[in-house]
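Colleague: Got a structure here, written out as C-alpha cells. Questions coming.
Protein chains in written order, with the working numbering: chain A, -4 to 298; chain B, 127 to 562.
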C-alpha cells in the first residue's frame, strides 16, 4: 500500500504517511505529559532548593530543605505511617485480587457481569465520593456498626476515631479497590496453557498442588507487575487520609502525601513540600529498582 | 477516499483531546484568569469568591444577582467552597497571579496576604467615597487595617459564644448562667450527663486557648514568643480535667465528628449539648440540627483577671492587587455593606452588619435565631476588650501542633504538664524557624 516517494508531496499525501499518523496520535499525550507532568516536575525540583511560601518570590537555600527533613519528627512519623499502610494494604489487595480472579476465570454466563461489578470500586476508586461514602459507613452511627449490631456484635466502635481502627478502615478501603489488579491477574491466568493442568490431572495432582506448582509459578510475572504498580500507588495514597480521617487520631493516619500537601499549601512551605516530594520519588524509585533486582530470584519467565 | 476520512477523523480526535486536556488542566482551577476578563460585550466581569455553607452560598448568590440586575454593565462570576479548601486554593491561585477581584478574607490571613502585596490598598476608595464608611461602627475600618492602611472591609462583627441545645438543657433541669466559668460548666456537664446521657465538649483548639490568654490580659502569640506558659498550662489542664470526666465526649467521637464544619459538629446530632462557635454561626447550627439553640457567653476561667470577650470581624472583602477593575470592585463592596435591600437578602448571616443604619433597618425582618444573634452581639459588645493583632504567618502550623498535642491528652497518653512542655518547645521551634 505504501506510496512511492515522490520529490513533492501534497499536504494530504504527507498526512497519509504512516509515521505522521503515529505522531498525530501521540501528540495529545506528549502535550499533556510536557504541560502537566514534565514541566511541573522540573519546576518542583527547582523549588525544592528554595524557601517559597507561594505568595512571595522563592529564595534559594541550597540543600537546607533536604537536611531539615531528617530533623523533622513529623516527617519521620508520616513516612512510617505511609510505610505501614503500604505494607498491609498492598499484599492484602493483591491477595484479594488473585482470589477473586481465580473465581472469575471460569467462563460462565454471568462471569462478564461479575467481572464488571468487581471492577467498579476501582473505577470510582480514588475519588472523593468514595472516601466520603466510606466515612459515612464507618461513622459510629453508620452502616457498619448497624450491621454489626444486627448480628449481635458490639456496635459502638468509633472506627475512625480509634488509634488502632482508623488505619484499619483505610486499609479495608484499599483492599476493596482490588479491581484493576484483578483484571490483570485474570489476563495472566488465562495465558496459562490448559494442557499443563490436564497433564497434572493425569498425573493425579490435586487442586492445591496444581495451584502451587502450576498457577503460582506461571503467574509470577503478573504478580511482579501488579506488585510494582500497587506499591507505587500505595505510596501516593492521598484522598483516603485527607478526606476520611484528616490524619486523625494523633496523626496515626497522616499520610506522607497529606503532610507534604499541608506543608506546601497550608503552612506556606512549598519549597519544603517539593523537597519532600522528591525524597519520596527517589525512595520509591530505589525500592522499585530493588524489587527489579530480586526479579530473577522469584519471577519465572517461560522460554 | 477511506484514507481521507481517516485523516480527518484523526485530526478531529487530536483537536478534541487537546482541548479536553486543556479543560482538565484548567477546570480544576476555575478561579484562574480573573483579571483578564473579556469585555467583548461591553460588560465588566468581576470575580468574587468566598467560603461558606449552603445558607450563605444561596443568599450571596441572590444578592449578587440583584446587583447585576441593578448594574447591567457589571457581570459577577462567583465561586465558593468550604473553609478548609478555600485557603489552599486561594494561595495557589495567588501564586499564579490570578486572584479573583473580590476576595472574602479572614482576620487570620489578612496579614499574610497583605505582607506579600496581594491586597489592594483601599484608603483611596474610602477617601473619595467610593466605599462609604460614614455609617460604619467605630473601629471597623481599623479592624481591616494593617500599618495604618485599610486592606479589607469587615462584613459583620461577632463575639465568641457558647451554643447549647435548649431542649436537652431543659430536660436536665439546669440553668445555664449568662457568663459561665469553666468550673461551672464542668458541674453543669456532669448534671446534664446524669439526667440525659448527653455529653459535654470542650473545644481544645487554638480559639479556646486564645480566649484563655485574653482572660489573663495576654495575647497568645506574644505569650508563646516570650515563653510565658500560663494560658497554655491552664488550657492543657482544662482539656485534661474535662477529657478524664465520664460526661465528656470521647476522643474517638471528637475525632470522628468534625467540629470545624457546621454540618458535622457533634451538637448537630445531639452527641453533645454544647458547642463553641462564633455568634453568627448559631442560626446555621440550629438549622443543621433542626433544633432550638440557646446562647451564652463563652466560658471563662474562675480566676480571670481581664475581659476575654471581643468583637471579631466575622469576615472581610478585600480587593486583589492584581485586579484590573478595582474601582468596580470597590463599588460592589460599598453596595454590599451599605445597601439595605442587599442586607435584607443576606439576613446578617455574616454577622451584624457594620453599617448601623442597615443593621437597624433589617432587624425587624429577621428570624428569631438571627434576632437572638443580634441581641447577643449587643450584650457581649457591652463587655469587650480590644481585639488581638492579626495572627502571625505560622499560626496554622501552631494550631495543628496544638490539635495533635491535645489529642494526646484526650487519649490519655500524655499529662497536661507534658503537653505544656511539648507545646511550648514546639511553638518556639516553629516561631524561630519563621523568624529566620
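For each residue, glycine too, the CB sits at the ideal point set by N, CA and C.
Suppose you measure from the CA of residue 544 of chain B to the CA of residue 328 of chain B; what does that come to, to the nearest Å?
Modeller: The residue given as residue 544 of chain B occupies position 418 in the second chain. The residue given as residue 328 of chain B occupies position 202 in the second chain. Roughly 19 Å between the two C-alpha positions.
Colleague: Output, in chain order, the set of chain B residues within a Cβ distance shorter than 9 Å of residue 96 of chain A.
Modeller: Taking the first residue of the first chain as 1, we reach residue 96 of chain A at position 101. Within 9 Å Cβ-Cβ: nothing; residue 96 of chain A doesn't reach chain B, min ~32 Å.
Colleague: So, is the C-beta of residue 14 of chain A closer than 7 Å to a C-beta in chain B?
Modeller: Stepping through the first chain from its first residue, residue 14 of chain A is reached at position 19. Closer than 7 Å: no.
Colleague: With H, G and I counted as helix, E and B as strand and the rest as coil, what does DSSP make of residue 461 of chain B?
Modeller: Here residue 461 of chain B refers to the residue found at position 335 of the second chain. Residue 461 of chain B falls in the helix class under three-state DSSP.
Colleague: 7 Å is my cut-off, CB to CB: does residue 157 of chain A come that close to chain B?
Modeller: Working through the first chain from its first residue, we reach residue 157 of chain A at position 162. Yes, contact with chain B.
Colleague: Are the segment 203 to 217 of chain A and the segment 162 to 173 of chain A in contact at 8 Å, needing three or more beta carbon pairs?
Modeller: The segment 203 to 217 of chain A vs the segment 162 to 173 of chain A: no contact.
Colleague: Starting from the beta carbon of residue 135 of chain A, find every residue of chain B whose beta carbon is closer than 8 Å, and list them in chain order.
Modeller: The residue labelled residue 135 of chain A in the question sits at position 140 within the first chain. Ordered by position in chain B, the residues that pass the 8 Å Cβ test against residue 135 of chain A are 378, 379, 382.
Colleague: Determine the contact status of residue 410 of chain B and residue 179 of chain B, defining contact as a CB-CB distance below 7 Å.
Modeller: Taking the first residue of the second chain as position 1, residue 410 of chain B is located at position 284. Taking the first residue of the second chain as position 1, residue 179 of chain B is located at position 53. It is a contact, given that the beta carbons lie within the stated cut-off.
Colleague: Rounding to the nearest angstrom, what Cα-Cα distance links residue 150 of chain B and residue 31 of chain A in this structure?
Modeller: Here residue 150 of chain B is taken as the residue at index 24 of the second chain, counted from 1. Here residue 31 of chain A is taken as the residue at index 36 of the first chain, counted from 1. Because the pLDDT of residue 150 of chain B is 36, which lies under 50, any placement of that residue in the model is unreliable, and the number read from its coordinates should be weighed accordingly. Answer to the nearest angstrom: the Cα atoms are 10 Å apart.
Colleague: Roughly how many angstroms lie between the CA atoms of residue 343 of chain B and residue 356 of chain B, to the nearest whole one?
Modeller: For this step, residue 343 of chain B is matched to residue 217 along the second chain. For this step, residue 356 of chain B is matched to residue 230 along the second chain. Roughly 11 Å between the two C-alpha positions.
Colleague: Comparing the C-beta of residue 149 of chain A with each C-beta of chain B, is any distance below 7 Å?
Modeller: Reading the first chain from its first residue, position 154 is the one you call residue 149 of chain A. Output row for residue 149 of chain A: interface = no.
Colleague: Where residue 524 of chain B and residue 350 of chain B are concerned, what is the direct C-alpha to C-alpha distance, given to the nearest angstrom?
Modeller: Working through the second chain from its first residue, we reach residue 524 of chain B at position 398. Working through the second chain from its first residue, we reach residue 350 of chain B at position 224. The alpha-carbon atoms of residue 524 of chain B and residue 350 of chain B are separated by roughly 10 Å.
Colleague: For residue 244 of chain A, which of B/370, B/372, B/382 has the nearest alpha-carbon?
Modeller: On the first chain, position 249 is the one that residue 244 of chain A refers to. The residue with the shortest Cα to Cα distance from residue 244 of chain A is B/382.
Colleague: Whose C-alpha, out of B/189, B/174, B/298, B/429, is nearest the C-alpha of residue 205 of chain B?
Modeller: Taking the second chain and counting its residues from 1, the one referred to as residue 205 of chain B is at position 79. Selected option, being the one with the closest Cα: B/174.
Colleague: What's the C-alpha gap between residue 184 of chain A and residue 199 of chain A?
Modeller: Here residue 184 of chain A refers to the residue found at position 189 of the first chain. Here residue 199 of chain A refers to the residue found at position 204 of the first chain. Each residue's alpha carbon lies about 21 Å from the other.
Colleague: Drop a sphere of 10 angstroms on the beta-carbon of residue 458 of chain B, count the other beta-carbons inside from all chains shown, and report buried for 16 or more, exposed for fewer.
Modeller: For the purposes of this step, residue 458 of chain B is taken as the residue at position 332 of the second chain. So residue 458 of chain B ends up on the buried side.
Colleague: Who are the Cβ neighbours of residue 392 of chain B in its own chain at under 8 Å, not counting the five residues just before and after it?
Modeller: One-based indexing of the second chain puts residue 392 of chain B at position 266. Closer than 8 Å at the Cβ level, and outside the excluded window around residue 392 of chain B, lie 325, 327, 375, 379, 380, 383, 385, 398, 401.
Colleague: Quick one: Cα of residue 280 of chain A to Cα of residue 245 of chain B, how far?
Modeller: As a position in the first chain, residue 280 of chain A is number 285, starting the count at 1. As a position in the second chain, residue 245 of chain B is number 119, starting the count at 1. Cα-Cα distance, rounded: 42 Å.
Colleague: Cβ closer than 7 Å: which chain A residues qualify as neighbours of residue 519 of chain B?
Modeller: Looking up residue 519 of chain B in the second chain gives position 393. The answer, in chain order, is 263.
Colleague: Pick helix, strand or coil for residue 126 of chain A, following the three-state DSSP scheme.
Modeller: As a position in the first chain, residue 126 of chain A is number 131, starting the count at 1. Three-state DSSP puts residue 126 of chain A in a helix.
Colleague: Note down the Cα distance separating residue 86 of chain A from residue 510 of chain B, rounded to an integer number of angstroms.
Modeller: Residue mapping note: residue 86 of chain A aligns to position 91 of the first chain, counting from 1. Residue mapping note: residue 510 of chain B aligns to position 384 of the second chain, counting from 1. Taking the straight line joining both Cα atoms gives about 59 Å.
Colleague: From the DSSP output, in three-state form, read off residue 222 of chain B for me.
Modeller: As a first step, residue 222 of chain B is located in the second chain; it is residue number 96 there, counting from the start. Looking at residue 222 of chain B - three-state DSSP - the assignment turns out to be coil, as it is neither helix nor strand.
Colleague: Can you tell me the Cα-Cα spacing of residue 418 of chain B and residue 285 of chain B, whole angstroms?
Modeller: As a first step, residue 418 of chain B must be located in the second chain, where it is residue number 292. As a first step, residue 285 of chain B must be located in the second chain, where it is residue number 159. Cα to Cα, residue 418 of chain B sits roughly 20 Å from residue 285 of chain B.
Colleague: Can you confirm whether residue 243 of chain A, when its beta carbon is compared against all beta carbons of chain E, has any partner nearer than 7 Å?
Modeller: Of the chains in the structure shown, none is chain E; the protein chains are A and B.
Colleague: In angstroms, rounded to a whole number, what distance separates the CA positions of residue 115 of chain A and residue 426 of chain B?
Modeller: One-based indexing of the first chain puts residue 115 of chain A at position 120. One-based indexing of the second chain puts residue 426 of chain B at position 300. Going from the Cα of residue 115 of chain A to the Cα of residue 426 of chain B covers about 53 Å.
Colleague: Does the distance from the CB of residue 480 of chain B to the CB of residue 263 of chain B come in under 7 Å?
Modeller: Against the second chain, residue 480 of chain B aligns to sequence position 354. Against the second chain, residue 263 of chain B aligns to sequence position 137. Yes, these two residues count as a Cβ contact at 7 Å.
Colleague: Relative to chain A, which residues along the segment 506 to 532 of chain B have a C-beta separation below 8 Å, given in chain order?
Modeller: Taking 8 Å as the Cβ-Cβ cut-off against chain A, the residues of the segment 506 to 532 of chain B that qualify are 519, 520, 522, 523, 526, 530.
Colleague: Relative to the C-alpha of residue 128 of chain A, which candidate in A/268, A/238, A/44 has its C-alpha closest?
Modeller: For the purposes of this step, residue 128 of chain A is identified with residue 133 of the first chain, where counting begins at 1. When only C-alpha atoms are compared, the closest one is A/238.
Colleague: Over what stretch of residues does the beta strand (DSSP E) that includes residue 293 of chain A continue unbroken?
Modeller: One-based indexing of the first chain puts residue 293 of chain A at position 298. First-last for residue 293 of chain A: 290 to 293, but that is the alpha helix (DSSP H), not the beta strand (DSSP E).
Colleague: Could you tell me which of A/159, A/268, A/148, A/261 sits nearest to residue 212 of chain B, measuring between CA atoms?
Modeller: Counting from one through the second chain, the residue named residue 212 of chain B turns up at place 86. Selected option, being the one with the closest Cα: A/261.
Colleague: Taking CB distances under 7 Å as the criterion, tell me whether residue 214 of chain B reaches chain A.
Modeller: In the second chain, counting from the first residue as 1, residue 214 of chain B sits at position 88. Residue 214 of chain B counts as touching chain A.
Colleague: According to the Cβ coordinates, are residue 49 of chain A and residue 221 of chain B closer than 7 Å?
Modeller: The residue labelled residue 49 of chain A in the question sits at position 54 within the first chain. The residue labelled residue 221 of chain B in the question sits at position 95 within the second chain. Yes, they are a contact pair.
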